[in-house]
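Peer 1: The structure follows.
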Amino acid sequence: MESSIIPQQIIENKILFIRGKRVMLDRDLSILYDVETRALNQAVRRNIKRFPEDFMFQLTKEKWRIGNHKL
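Heads up: the sequence shown begins at 16 in the working numbering, then just goes up one per residue.
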C-alpha cells in the first residue's frame with residue numbers, strides 16, 4: 016500500500032449531509048484507506064463495539080435511489 020497525503024479539499028468534497036449529519040460514504044472511505052468497500056464494512060461490523068452507536072447507518076435501496084440524484 017502506498018502511503019501518501021491526501022489533500023484536505025479532496026476529503027472535504029466527499030463529505031455529505033444526510034439526516035442532518037456530516038457523513039462519508041463507505042465507497043469513498045474505502046478509496047481513502049485503499050481497501051475494498053466490502054472489507055471496510057466487514058471490519059466495522061466485526062469491531063462494532065469500538066465505534067460510537069451512531070457511527071454508521073445504512074440507507075435502504077429506495078432511500079438511496081430517491082436521494083442519489085442530490086449527490
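Just so it is clear, CB atoms sit at the ideal spot from N, CA and C, and this is done for glycine as well. Every value quoted in this text rests on a predicted model; they were computed, and no experiment measured them.
1. Mapping the DSSP letters down to three states, classify residue 63 as helix, strand or coil.
2. Mind checking whether residue 43 and residue 55 have CB atoms under 8 Å apart?
3. At 3 residues or longer, what runs of the beta strand (DSSP E) sit wholly inside the region 27 to 79?
4. In three-state DSSP terms, what is residue 20?
5. Note down, in chain order, each residue of its chain lying with its Cβ closer than 8 Å to the Cβ of residue 37, except the 5 sequence neighbours on either side.
Peer 2: Judging by the given coordinates:
1. For the purposes of this step, residue 63 is taken as residue 48 along the sequence shown, with counting starting at 1. Residue 63: helix per DSSP, three-state reduction.
2. Translated into positions along the sequence shown, residue 43 becomes position 28. Translated into positions along the sequence shown, residue 55 becomes position 40. No. Outside cutoff.
3. 31 to 33, 36 to 38
4. Numbered from 1 along the sequence shown, position 5 holds the residue referred to as residue 20. Here DSSP, grouped into helix, strand and coil, assigns residue 20 to coil.
5. For the purposes of this step, residue 37 is identified with residue 22 of the sequence shown, where counting begins at 1. If you ignore the 5 residues before and after residue 37, its C-beta comes within less than 8 Å of the C-beta of 30, 31, all in its own chain and listed in chain order.
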